[in-house]
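Beneath this line is the structure, given in structure tokens, with notes to follow.
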Amino acid sequence: MNLPASPPALDRNWALVAAGAVLGCVAIGAVFALAVLLEPMGAATGWSRAGLSAAMTLAFLSMGVAGFGWGLLSDRIGPRAVALAGSLLLGLACVLASRAGSLLQFQLAYGVLLGAAAAAFFAPVIAATAAAFERRRNLAISLVSAGVGVAPMTLSPLVAWLISQYDWRTTLLIVGALAWALTLPAAWFVRAAPAAHAAAPAPAQAAVGAPPATMAQALRSRPFIVLGLAFFACCAAHSGPIFHTVSYAIGCGLPVTAAVTIYSMEGAAGLGGRLLFGALADRYGAKPILVAGLLVQAVAAAGYLAVNQLDGFYAVALVFGLAYGGTMPLYASLARDAFDPRILGGVLGAASLLSSLGMALGPVAGGWLYDRYGSYTWLYIGSMLVGLAAAAIALAFPRAPRQRGGGGELRHASQY
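Mind the numbering: the sequence shown is residues 70 to 485 in the working numbering, read in order.
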């Protein structure tokens, strides 16, 4: 008689963490390949820069909407099936985009389909990781998220080399084949952790009543409202500076090549921030580290107004990138404390939708403020104010109640 397989033990499923990092790296690397291909594609096709850039906007909007759907689906059929579907779609989107005969076809393939495919690797995988880890949960989530930070240092240089050797169509075709080769095997290691479902049933909700049994109840609950608003405000606060700082630096007299390195500094600092904040959150709790990170992010955003030389920009970019990169994975940890793991994928998908709206707001608002006032001053001041609001909102997240640990002692579920 065949015995059922034992469920993966908590805090031991590091294969899931490694697979999640690979999936995130490839997905974001494929999406941001357009930044490298923009100029050669425009020259080869005659398509407008605005039209090609619109594909990126569509990708982010598609990621937000599809992320909610993928999260709900992963709660029903499991994260592995969703990750496999996303892997198939990711390569297919790149292949179809490489064959596009018109700008509209490219926008649909690269924007809508690729964005939807990339979203399959976030809410489902993060939810599975949050459910599979307890004591080292924040570090595990941060390591999965770190894959996103690695993309600019791996996939982007590869795409730059490919476009120097081939045309843009061949380059995208190779990226699609590479996406299949890397993500399909990695998706096999994405699995739910049944043990976690029984081990840690929604502690924060227990303080105010039974955990939400349905997504509708979860989305109306105080923890989700606080979490979603904080996530939205956090992303709205940093997306404007991320998008416009290179232009601001050029306006301060820096050459383009030097200004671009400021963005690279932010990305590298964000990678380190994910690991640092994850380790600190495991020691001191996710909520206080998140609030502290949001405060640092707000102050650092305004700090750009105080610099006009490259070394000053680097210093602010280091702090700003550390803060915004480090805070991003902590929302998933708070959600894991507040909601039943059986609906966690949908909850994180809904939160990601709100964060995508915040990411879309910052660049548009920054451009409007610059056109209106002729400078970026109000962008950075506004980002600081929105960032402070995000920290204030995060303070309202419910405190996790005490629960008994394995040895019978009382402890806080998330140590805050």
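Yeah, the Cβ is synthetic: ideal placement off N, Cα and C, and Gly gets one too.
request  = Output yes or no for whether 8 angstroms exceeds the beta carbon distance between Gly347 and Ile210.
outcome  = When the beta-carbon positions are compared, Gly347 and Ile210 come within less than 8 angstroms of each other.
request  = Determine, using beta carbons only, whether Arg81 and Arg260 come nearer to each other than 8 angstroms.
outcome  = For Arg81 and Arg260, no; Cβs fall outside 8 angstroms.
ask   = Is the shortest distance between the beta-carbon of Leu212 and the beta-carbons of chain B less than 8 angstroms?
value = No chain B is part of this structure, which consists of one protein chain only.
key: Own chain, CB closer than 6 angstroms to Gly431, minus 5 neighbours either side, in chain order   = Cβ neighbours of Gly431 beyond the five flanking positions: Ala305, Ser308, Gly309.
query = Leaving out the 5 sequence neighbours to the left and right, which residues in its chain are closer than 7 angstroms to Ala302 when beta-carbon positions are compared?
reply = Gly427, Val455, Ala458, Ala459, Ile462.
ask   = By a C-beta neighbour count over all protein chains shown, 10 Å radius and 16 as the cutoff for buried, is Ala112 buried or exposed?
value = The Cβ neighbour count for Ala112, taken over all protein chains shown within 10 Å, is under 16; the residue is labelled exposed.
query = Once you ignore the five residues that flank Arg405 on each side, which residues in its own chain have a CB closer than 6 angstroms to its CB?
reply = So the qualifying residues of the chain are Ala199.
query = Given Val213, which residues of its chain have a CB within under 7 angstroms of its CB, disregarding the five upstream and five downstream residues?
reply = Here Val213 has Val86, Gly89, Ala90, Gly93, Val194, Ile195, Thr198 as same chain residues with Cβ atoms under 7 angstroms from its own Cβ, once five neighbours each way along the sequence are excluded.
task = Go through the stretch 161-205 residue by residue and report every complete run of the alpha helix (DSSP H) that reaches 4 residues or more, in order.
result = Taken in chain order, the unbroken stretches of alpha helix (DSSP H) that lie wholly in the stretch 161-205 and span 4 residues or more are 172-175, 183-188, 192-201.
query = Buried or exposed: where does Leu182 fall if 16 or more other Cβ atoms within 10 Å of its Cβ makes it buried?
reply = Looking at its Cβ environment, which holds 16 or more other Cβ atoms inside 10 Å, Leu182 is buried.
query = For Val217, which residues of its own chain have a beta-carbon under 6 angstroms away from its beta-carbon, when the five flanking residues on both sides are left out?
reply = Excluding sequence neighbours, Val217 sits near Gly93, Ile97.
query = Would you report the Cα separation of Ala401 and Gly336, rounded to the nearest angstrom?
reply = Each residue's CA atom was taken as its position, placing Ala401 and Gly336 some 20 angstroms apart.
request  = Using 10 angstroms around the beta-carbon of Val277, count the other beta-carbons present and answer buried if the total reaches 16, otherwise exposed.
outcome  = Annotation note: pLDDT 42 at Val277 (below 50); position unreliable, coordinate value reported separately. Exposed, by the Cβ-count rule.
ask   = What's the C-alpha gap between Met132 and Leu438?
value = Cα atoms of Met132 and Leu438: separation of roughly 26 angstroms, rounded to the nearest angstrom.
inquiry  = Give me, in chain order, the residues of the same chain whose beta-carbon lies closer than 6 angstroms to that of Tyr179; leave out the 5 immediate sequence neighbours on both sides.
reply    = Only Ala124, Ala166 meet the Cβ criterion.
query = What are the complete beta strand (DSSP E) segments, minimum 3 residues, inside the stretch 397-477?
reply = Fully enclosed beta strand (DSSP E) runs of 3 or longer: 471-473.
ask   = Going straight from the alpha carbon of Leu323 to that of Trp447, what length do you get?
value = When rounded, the distance between both Cα atoms is 21 angstroms.
message = I'd like the span of the alpha helix (DSSP H) that includes Gln286, first residue to last.
response = Counting along the chain, the alpha helix (DSSP H) containing Gln286 begins and ends at 284-289.
query = Per the contact definition of three or more C-beta pairs closer than 8 angstroms, is the stretch 151-162 in contact with the stretch 241-258?
reply = Cβ pair count under 8 angstroms is three or more, so yes.
request  = Determine the direct distance from the alpha carbon of Ala370 to that of Met453, and round the result to whole angstroms.
outcome  = Cα to Cα, the separation comes out at about 6 angstroms.
task = In the DSSP assignment, find the unbroken alpha helix (DSSP H) run with Phe346 in it and report its ends.
result = Under the DSSP assignment, Phe346 falls in the alpha helix (DSSP H) whose first and last residues are 325-353.
query = With burial defined as no fewer than 16 other Cβ atoms inside 10 Å of the residue's Cβ, what is the status of Thr240: buried or exposed?
reply = Counting C-beta atoms within 10 angstroms of its own C-beta, Thr240 has 16 or more neighbours from the protein chains shown and is therefore classed as buried.
key: For Ser117, the three-state DSSP class (helix, strand or coil)   = Note: Ser117 maps to coil in three-state DSSP.
query = Using CA coordinates, which residue listed in Pro467, Asp144, Val134 is at the minimum distance from Ala420?
reply = Out of Pro467, Asp144, Val134, Val134 has the C-alpha closest to the C-alpha of Ala420.
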